[in-house]
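Those protein sequence lines, which keep their order, are chains A and B. If you use this note's numbering, the first sequence corresponds to residues 858 to 1108, in order. If you use this note's numbering, the second sequence corresponds to residues 11 to 324, in order. All residues carry an ideal CB built from backbone N, CA and C; glycine is no exception. Here the structure is a predicted model, which is why all the values come from computation and not from measurement. Take a look at the structure below.
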Amino acid sequence: MLEVSGITQIFGGVTALEDVSFTVAKGAITGVIGPNGAGKTTLFNIVTGIYTQTAGRVFLKGSDVSGLPPEKLARLGMVRTFQNIELFGGMTVLENVMVGLHTRSSSGLLACSLRMPWSRLEEKKIRAGALKWLEFTGITDLADVTAGNLPFGKGRLLEIARALAVEPEIILMDEPAAGLNSHETSDLARLIQRIRDLGITVVLVEHDMELVMDICDRIVVLNLGRKLAEGTPREIQENHEVIAAYLGDDT
Amino acid sequence: MLKFLAFAGMILLAPLYFKGGYLMNVLVFVGIHTMLAIGLNLLLGYAGQISLGHAGFFGLGAYLSGVLTATYGWNPWLAMPLAALMVGALAFAIGFPILKLKGHYLAMATLGMGIIIYIVFNETVELTGGPSGLSGIPNLAVGSLTFDSDVKNYYLIWSFTLVTILLTLNLANSRVGRALRAVHDSEVAARVMGVNARLLKVQIFALSALISSIAGSLYAHTMTFVSPASFGFNFSVELLTMVVIGGLGSIYGSFLGAALLTLLPEFLRAAQDYDIIIYGGLLMLMVMFMPGGLVRGVPDLFRKLLKKGGANHA
């Protein structure tokens, strides 16, 4: 589904990522973990077209998508969420998710200004589609709340609902459990599994080890900008290099 | 829709109340300014992109219509859409490089653009008449009906303004309007959702310029005379003030802002030379105490007062 090949990113004189390669299998949940400063978020920003890498390629469904902007990637089936949730704060919860259906609709400036019959029909479809994802994430009752007024945990669910509305084939989540309490985190784990069950490939950057070990099919470990290890949760837990990176290497 | 019909009804009946007095002339300007404020609001209030040069697009529409009709004898009804398309296309071309900029840099770039257009009006004397202006612009006419009185112009201008209001309300409540607000709130998230933010910003900049140009053409044919002084930096700031005072991201707010800033000087004749100071002061006060503009701030104020009243009774 997704292949990252030889990604190197240099900011000024700092090498944030060095020759990182891995592949993400279709329909699996893949976790990217690593200590602070390992380059996880940088990697995400490159894969999702926010940054352009210094070297290396990104392949989505076998085709080279290196350097494509996020709006193009969305149309190719890739979407992401953000660590510090990026909601459309002035819009309602429902409207936020309706923006997620942007690529599934096509009425332009003129058709919308004139409220052409087909654009009104499309608007109905957009609304229905958005409601479906609100229900999937369990926030239907918040549909008319202004997104900026949501508590953090609900905001995170909204961001996921909005991303799902794009009907992606792959979703990348940047620390989805950050700022959530343990109850919310276990709900999130179930939600992510339900997303996988829809056939959507999931990649997450996460600090919450319990969550990662619990739901991921495969794990990629980064440390100091390099790939340290890759494998199943069990393999990673038993990997000495990984343990050393997390606990210090005095052993 | 009901709200719009009520508003349109009020506008259409207003001349009966004012009986064609001096105020009719002022209300013609409220109409033109409403169109301009809506145009700028699409850009500033919805898409969140500033322009300090919109008086330039207004002026281009006015001069293109003026020169084509007064100098080259074109039919005004032909000159107006052509001017609008030319100004829209120009804005589209300028928009691509300058809308890459954000915040203060975009403000500076659009400011520069407005000033350049202003200088062109002043310097191309053989075409525009330079600082002394261009006169002899014909009134618009339909058959034997010539729009040459305040009441006739009122209906002419307000037909355009009402259509602008209706179309922009539709736009605001559509897929495109949502995408604009999304870009405003978080450009990166909007892009992740598949919104081509760059193209959308340029499109709305062009649409905004096109609306300003039509307002400019209407202005030229109503006044029959144009001069550069009407299209300078001060007027760009005045437009910005209308949008902010009325309410960012509200079409009816633009009408309120335009009405207030057009009517106010009529009552403050003595303070004429200080208008820019008054606008600046109003802008600061609004941003500090009513950041949502009149359209949201006034109902809020009433609600607060009612609550207070209720508390006193209890």
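As a quick exercise: from Leu266(B), Gly31(B), Asn51(B), Leu155(B), pick the residue whose alpha carbon is nearest that of Phe17(B). Relative to Phe17(B), the option among Leu266(B), Gly31(B), Asn51(B), Leu155(B) whose CA is nearest is Leu266(B).
Ala192(B) beta carbon less than 8 Å from that of Val956(A): yes
Could you pull the start and end residues of the alpha helix (DSSP H) that Glu994(A) belongs to? Residue identity differs from the one stated: residue 994(A) is Thr in this sequence, not Glu. Note, Thr994(A): alpha helix (DSSP H), 974-994.
Span of the beta strand (DSSP E) around Ser862(A): Here the beta strand (DSSP E) through Ser862(A) covers 859-868.
Going by CA-CA distance only, name the one from Val889(A), Gly884(A), Ile1057(A) that's closest to Met1070(A). Val889(A)
Assess contact between the segment 201-220 of chain B and the segment 49-65 of chain B, defined as three or more Cβ pairs (one per stretch) separated by less than 8 Å. Is contact present? yes
Using the rule of at least 16 other Cβ atoms within 10 Å of the residue's Cβ for burial, across every protein chain shown, is His1097(A) buried or exposed? exposed
Beta-carbon of Leu859(A) versus every beta-carbon of chain B: anything under 8 Å? no
From Pro238(B), Met252(B), Asp283(B), Gly257(B), residue whose alpha carbon lies closest to that of Ile127(B): Residue Pro238(B) is the option with its Cα nearest to Ile127(B).
Along the segment 1009-1028 of chain A, where does the CB come closer than 9 Å to a CB of chain B? Name the residues. Glu1016, Arg1019, Ala1020, Ala1022, Val1023
With 8 Å as the threshold, decide whether the Cβ of Val936(A) is near any Cβ in chain B. yes
Taking Cβ positions only, does Ile996(A) come closer than 8 Å to chain B? no
Of all the options Ala65(B), Ala99(B), Ile60(B), Ala93(B), which has the alpha carbon lying nearest to the alpha carbon of Ile129(B)? Ala65(B)
Ser196(B) versus chain A: which residues are under 9 Å apart at the beta carbon? Result: Phe939, Glu943, Leu944, Phe945, Gly946.
Against chain B: residues of the segment 1062-1086 of chain A by CB proximity under 7 Å: Listed in sequence order: no entries.
Please check if any C-beta of chain A sits within less than 8 Å of the C-beta of Met11(B). Cβ-Cβ to chain A under 8 Å: no for Met11(B).
Please name the residues in the segment 37-70 of chain B whose beta-carbon is closer than 8 Å to at least one beta-carbon of chain A, in chain order. none
Figure out for me which residue from Gln1094(A), Met948(A), Pro1090(A) has the closest Cα to the Cα of Ala885(A). Pro1090(A)
Using the Cβ count rule (16 or more neighbours within 10 Å means buried), how would you classify Lys883(A)? exposed
Would you kindly report the start and end of the unbroken beta strand (DSSP E) that includes Asp158(B)? That residue, Asp158(B), is in no beta strand (DSSP E); it is neither H nor E in DSSP.
For a contact meaning CB atoms closer than 7 Å, what does Arg932(A) contact in chain B? Gly204
Member of Gly891(A), Pro892(A), Gly924(A) whose CA lies at the smallest distance from the CA of Gln866(A): Gly924(A)
Would you please verify whether the beta carbon of Ala324(B) is less than 8 Å from any beta carbon of chain A? In this prediction, Ala324(B) has a pLDDT of 44, which is less than 50 and means its spatial position is unreliable; what the coordinates show is noted afterwards. No, Ala324(B) lies away from the interface with chain A (no Cβ there is under 8 Å from its Cβ).
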